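*Asks:* Per the working numbering, the sequence shown starts with residue 6, numbered consecutively.
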Amino acid sequence: MQQSYHKFTSLTKIDEGLFHKNTLVFNVEDTLLKSSSLFPYFMLVAFEGGGPLRALILLFMYPFLCILGEKMRLKIMIFISFFGVKKQNFRIGRSVLPKFFLENVGCESLEVVMRFSKKMGVTNLPKIMVEDFLMNYVGVEDIYGPEIRVFGGYYIGLLDNSGKEIIFAHMMSQQSQYVGICSINNSFKTCPFTYIKDIYLVFKDDKKSWNNLPREKYPKPLIFHDGRLTFMPTPLNTLTMFLWLPFGIILSITRVLFVILLPYQISTPALAFIGLKLSYSPSKNNHMHIISKPKNSKGVIYVCNHKTLLDAVYVSYICRTNLTTLSYGISKLSKFLCPTDTIALTRDREKDATILYKVLSQGRNVILSPEGTTCREPYILRFSPLFAELSDDVIPVAIEPNVSMFYGTTASGIKAFDPFFFLMNPSPSYYGKFLEKLPKEWSCGIGGKTKFEVANYVQNEIGNALGYTCTSLTRKDKYMMLAGTNGFVN
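So this is what it looks like as structure tokens:
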């Protein structure tokens with residue numbers, strides 16, 4: 006078969022009919038990703054799936070990997086990252102990696118790939134790492150990539166190459182015509198591209214001109230993702246993290262002790278001195294009027310979006326008062342470390358309503374996150390309307406933390422460590438915007454609104470203040486996707 010080669014850039018000038026008549030076969034690393042380095046993705050698997058020790062071993066192996074050939078380097082990274090990992094528990098391909106793939110996608114290349122109605126992805130990465138990203142975000146129908154052998158329900162880190170020829174034969178038996186996109190380096194000489202007549206080659210200069218894919222152009226919204234690392238773990242970034250880790254642990258414990266032992270007036274400047282920044286924007290009317298109320302009156306509910314377990318601590322610091330935190334799920338360790346009064350809700354509507362009513366009747370101000378779970382991205386989950394039917398004195402608070410190294414939340418990890426991971430960041434920050442008190446005309450009591458209307462109103466107010474998108478997604482949706490559970494915590 007005589008093959009013909011073309012420049013990748015020429016695809017933008019081809020008649021639209023080509024994209025509907027032909028099936029695209031493209032190399033994922035060469036065609037979609039701006040950087041073709043596979044090390045960061047294996048580091049994510051090693052760190053998030055195997056822990057810091059496995060990640061450290063992979064990092065120590067990096068200089069040795071650099072002198073090996075591509076195939077041997079790939080085999081060693083797969084072995085270190087996957088050996089001993091339980092297949093049933095491996096969800097990193099769905100919960101962690103898509104975020105980092107999307108951040109590395111070239112905008113121009115994705116536009117070309119998405120114009121084809123039928124697509125087949127070819128990758129050097131194990132199929133289990135890329136299939137969720139390619140199928141859910143790129144719309145790929147078939148994926149050709151290495152499989153990892155399993156023994157006793159555990160990955161053994163060795164490749165299973167059986168069945169390749171069957172796949173090739175099936176591919177060639179199809180009536181559809183194929184168009185290939187791959188790199189000028191080596192991939193165009195390998196299967197299945199050797200079976201394709203028209204090949205479009207991607208050059209290094211092409212990749213240099215690609216722009217990062219902006220969030221608004223993602224094929225579908227990225228709302229949920231898991232994992233502790235916020236950064237792309239290149240060798241240099243990973244080395245920096247491990248060098249920082251001992252200092253970060255000490256700094257995290259120090260910050261926790263400051264929060265627990267020192268009064269607000271002293272701990273706030275002390276925390277700022279060691280890198281924890283707290284800032285806020287008050288409402289047009291000074292927010293301090295919220296906590297000034299007549300004796301024997303009911304308490305006020307601060308309603309905020311949920312970002313980390315430290316949300317309530319942050320609001321208490323800004324208000325200079327000890328608020329009562331109502332939480333839908335908190336570990337015993339987190340409850341012990343939290344300087345505010347914390348009461349666990351049961352997710353039983355009647356029981357929770359009784360708890361909230363009792364606390365408010367005692368005149369205690371309450372901080373509550375109706376989302377019931379955290380969301381890292383600029384989206385707000387559906388608000389539970391419980392707060393709306395029990396009080397008209399509601400103060401919305403829009404919260405936005407910022408971290409550079411570790412996320413202070415997890416869906417599949419140990420939740421008791423969440424505050425420590427947040428405080429391990431070199432310079433974490435919290436920003437909050439206190440909004441106007443719930444208007445009387447938008448309350449259930451005086452305004453006659455339903456509890457759902459009030460909850461949606463408060464959700465939209467917080468979303469508008471932060472520039473976030475409001476959704477109807479729930480805690481169950483998040484945990485079913487990220488952890489395969491219903492979201493309940495023991």
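Yeah, the Cβ is synthetic: ideal placement off N, Cα and C, and Gly gets one too.
The model shown is predicted, which means the values in this text are computed figures rather than measured ones.
Mind checking who asparagine 32 pairs with in its DSSP beta bridge?
*Replies:* The sequence position of residue 32 within the sequence shown is 27, counting from 1. According to DSSP, asparagine 32 bridges with Val127.
*Asks:* Pick out whichever of Gly185, Thr239, Tyr319 has its Cα sitting closest to the Cα of serine 9.
*Replies:* Numbered from its first residue, the sequence shown carries residue 9 at position 4. When only C-alpha atoms are compared, the closest one is Gly185.
*Asks:* Can tyrosine 435 and tyrosine 319 be called in contact, C-beta distance under 8 Å?
*Replies:* Numbered from 1 along the sequence shown, position 430 holds the residue referred to as residue 435. Numbered from 1 along the sequence shown, position 314 holds the residue referred to as residue 319. Contact: yes.
*Asks:* Could you tell me which residues DSSP puts in a beta bridge with lysine 91?
*Replies:* Taking the sequence shown and counting its residues from 1, one reaches residue 91 at position 86. For lysine 91, which the question treats as bridged, DSSP gives the partners Tyr159.
*Asks:* Would you identify the three-state DSSP class for tyrosine 285, choosing helix, strand or coil?
*Replies:* The sequence position of residue 285 within the sequence shown is 280, counting from 1. Looking at tyrosine 285 - three-state DSSP - the assignment turns out to be strand.
*Asks:* What did DSSP end up calling glutamine 8 once you bin it into helix, strand or coil?
*Replies:* Here residue 8 corresponds to residue number 3 of the sequence shown, with the count starting at 1. If DSSP states are grouped into helix, strand and coil, glutamine 8 belongs with coil.
*Asks:* I need the straight-line Cα distance from glutamine 182 to cysteine 196, nearest angstrom please.
*Replies:* Within the sequence shown, residue 182 is the residue found at index 177, counting from 1. Within the sequence shown, residue 196 is the residue found at index 191, counting from 1. Using only the alpha carbons, I get a separation of about 16 Å.
*Asks:* Taking all protein chains shown into account, do 16 or more other C-beta atoms lie within 10 angstroms of the C-beta of proline 431, making it buried, or fewer, making it exposed?
*Replies:* For this step, residue 431 is matched to residue 426 along the sequence shown. Classification for proline 431: exposed.
*Asks:* Quick check on this structure: which residue in Leu471, Gly450, Leu102 has the alpha carbon closest to the alpha carbon of glutamate 394?
*Replies:* Within the sequence shown, numbered from 1, the residue matching residue 394 stands at position 389. The shortest Cα separation from glutamate 394 among Leu471, Gly450, Leu102 belongs to Gly450.
*Asks:* From valine 399 to serine 448, what distance separates their C-alpha atoms?
*Replies:* One-based indexing of the sequence shown puts residue 399 at position 394. One-based indexing of the sequence shown puts residue 448 at position 443. The straight-line gap from Cα to Cα measures roughly 9 Å.
*Asks:* Would you call glutamate 75 buried or exposed, if buried means 16 or more other Cβ atoms sit within 10 Å of its Cβ?
*Replies:* Within the sequence shown, numbered from 1, the residue matching residue 75 stands at position 70. With fewer than 16 Cβ atoms within 10 Å of its Cβ, glutamate 75 is classed as exposed.
*Asks:* From this set, Lys420, Leu63, Pro375, which residue's C-alpha is nearest proline 401's C-alpha?
*Replies:* Within the sequence shown, the letter at position 396 stands for residue 401. Of Lys420, Leu63, Pro375, the residue nearest in Cα terms is Pro375.
*Asks:* Is proline 103 buried or exposed, if buried means 16 or more other CB atoms sit within 10 Å of its CB?
*Replies:* Against the sequence shown, residue 103 aligns to sequence position 98. By the neighbour-count rule (16 or more Cβ atoms within 10 Å), proline 103 is buried.
*Asks:* Have a look at the DSSP bridge pairing and note the partners of tyrosine 319.
*Replies:* Along the sequence shown, read from residue 1 onward, the residue named residue 319 stands at position 314. The partner list for tyrosine 319 (beta bridge, DSSP) is empty, contrary to what the question assumes.
*Asks:* For the beta strand (DSSP E) containing leucine 328, name the first residue and the last one.
*Replies:* The residue you call residue 328 lines up with position 323 of the sequence shown. It is not in any beta strand (DSSP E) - leucine 328 carries neither H nor E in the DSSP assignment.
*Asks:* DSSP on lysine 340, reduced to helix/strand/coil?
*Replies:* Taking the first residue of the sequence shown as 1, we reach residue 340 at position 335. Helix, per DSSP.
*Asks:* Mind reading off the beta-carbon distance from leucine 331 to asparagine 370? Whole number of angstroms is fine, and I expect it under 8 Å.
*Replies:* Within the sequence shown, the letter at position 326 stands for residue 331. Within the sequence shown, the letter at position 365 stands for residue 370. Not quite, the Cβ-Cβ distance comes to about 11 Å (not below 8 Å), so this is no contact.
*Asks:* Looking only at DSSP bridge pairs, what is cysteine 475 linked to?
*Replies:* Here residue 475 is taken as the residue at index 470 of the sequence shown, counted from 1. In the DSSP output, where bridge partners are listed per residue, cysteine 475 has Ile385.
*Asks:* Can you name the start and end residues of the beta strand (DSSP E) that serine 437 belongs to?
*Replies:* Translated into the one-based positions of the sequence shown, residue 437 becomes position 432. The amino acid occupying residue 437 in the given sequence is glycine; serine does not appear at that position. Counting along the chain, the beta strand (DSSP E) containing glycine 437 begins and ends at 434-439.
*Asks:* Going by other Cβ atoms of all chains shown within 10 Å of its Cβ, with 16 needed for buried, is serine 366 buried or exposed?
*Replies:* As a working note, residue 366 is residue 361 in the sequence shown. Exposed: under 16 other Cβ atoms inside 10 Å.
*Asks:* Count the C-beta pairs between the stretch 97-116 and the stretch 131-150 that are closer than 8 Å, then say yes if the count reaches three, no if not.
*Replies:* Taking 8 Å as the limit for Cβ pairs, the verdict is that the stretch 131-150 does touch the stretch 97-116.
*Asks:* State the DSSP-derived secondary structure class of glutamate 446, mapped to helix, strand or coil.
*Replies:* For the purposes of this step, residue 446 is identified with residue 441 of the sequence shown, where counting begins at 1. It is helical.
*Asks:* So, is glutamine 464 buried or exposed, given that buried needs 16 or more other C-beta atoms within 10 angstroms?
*Replies:* Sequence index remark: in the sequence shown, residue 464 carries index 459 (1-based). Answer is buried; the Cβ neighbour count reaches 16.
*Asks:* Out of Arg154, Gly89, Leu373, point me to the one whose CA is closest to phenylalanine 392's CA.
*Replies:* As a first step, residue 392 is located in the sequence shown; it is residue number 387 there, counting from the start. Here the closest residue by C-alpha is Leu373.
*Asks:* Tell me which residues share the same chain as valine 101 and place their Cβ nearer than 7 Å to its Cβ, disregarding the 5 neighbours each side in the sequence.
*Replies:* For the purposes of this step, residue 101 is taken as residue 96 along the sequence shown, with counting starting at 1. Leu49, Glu53, His230, Asp231, Gly232, listed in sequence order.
*Asks:* I'd like to check one pair, alanine 416 with lysine 483: are the Cβ atoms closer than 8 Å?
*Replies:* Locating residue 483 in the sequence shown gives position 478, counting from the first residue. Locating residue 416 in the sequence shown gives position 411, counting from the first residue. Yes.
*Asks:* How many angstroms separate the CA atom of leucine 37 from the CA atom of valine 308?
*Replies:* Here residue 37 refers to the residue found at position 32 of the sequence shown. Here residue 308 refers to the residue found at position 303 of the sequence shown. Distance between the alpha carbons of leucine 37 and valine 308: 42 Å.
*Asks:* Could you pull out every residue in the same chain whose Cβ sits closer than 7 Å to the Cβ of tyrosine 159, ignoring the five residues on either side in sequence?
*Replies:* Here residue 159 corresponds to residue number 154 of the sequence shown, with the count starting at 1. The residues are Gly89, Val90, Lys91, Lys92.
*Asks:* Per DSSP, what kind of secondary structure is isoleucine 296 in: helix, strand or coil?
*Replies:* Numbered from 1 along the sequence shown, position 291 holds the residue referred to as residue 296. Caution is warranted here: a pLDDT of 48 is assigned to isoleucine 296, below 50, making its placement in the model unreliable, and no coordinate value can be reported.
*Asks:* For arginine 387, count the other beta carbons within 10 Å of its own beta carbon; 16 or more makes it buried, fewer makes it exposed. Which is it?
*Replies:* By 1-based counting over the sequence shown, the position of residue 387 is 382. Buried: at least 16 other Cβ atoms inside 10 Å.
*Asks:* Please tell me whether alanine 488 and arginine 154 are closer than 8 Å, where the distance is taken between their beta carbons.
*Replies:* To locate residue 488, count along the sequence shown from 1; it is residue 483. To locate residue 154, count along the sequence shown from 1; it is residue 149. In this structure, arginine 154 does not lie closer than 8 Å to alanine 488 by Cβ.
*Asks:* Would you mind reading off the limits of the alpha helix (DSSP H) that contains valine 364?
*Replies:* Here residue 364 refers to the residue found at position 359 when the sequence shown is read from its first residue. Its alpha helix (DSSP H) spans residues 354-366.
*Asks:* Which residue or residues does DSSP assign as beta-bridge partners of alanine 403?
*Replies:* For the purposes of this step, residue 403 is taken as residue 398 along the sequence shown, with counting starting at 1. DSSP, once it has assigned bridges, lists Lys438 as partnering alanine 403.
*Asks:* Express the C-alpha separation of aspartate 147 and methionine 293 in angstroms, rounding to a whole number.
*Replies:* In the sequence shown, counting from the first residue as 1, residue 293 sits at position 288. In the sequence shown, counting from the first residue as 1, residue 147 sits at position 142. No answer about methionine 293 holds up, because its pLDDT of 48 lies below 50 and its placement is not dependable.
*Asks:* Using the C-alpha atoms, what's the distance from asparagine 129 back to isoleucine 83?
*Replies:* One-based indexing of the sequence shown puts residue 83 at position 78. One-based indexing of the sequence shown puts residue 129 at position 124. Each residue's Cα considered, the two are about 11 Å apart.
*Asks:* Report yes or no: do three or more beta-carbon pairs, one from the stretch 310-325 and one from the stretch 401-410, lie closer than 8 Å?
*Replies:* Verdict: yes, contact present.
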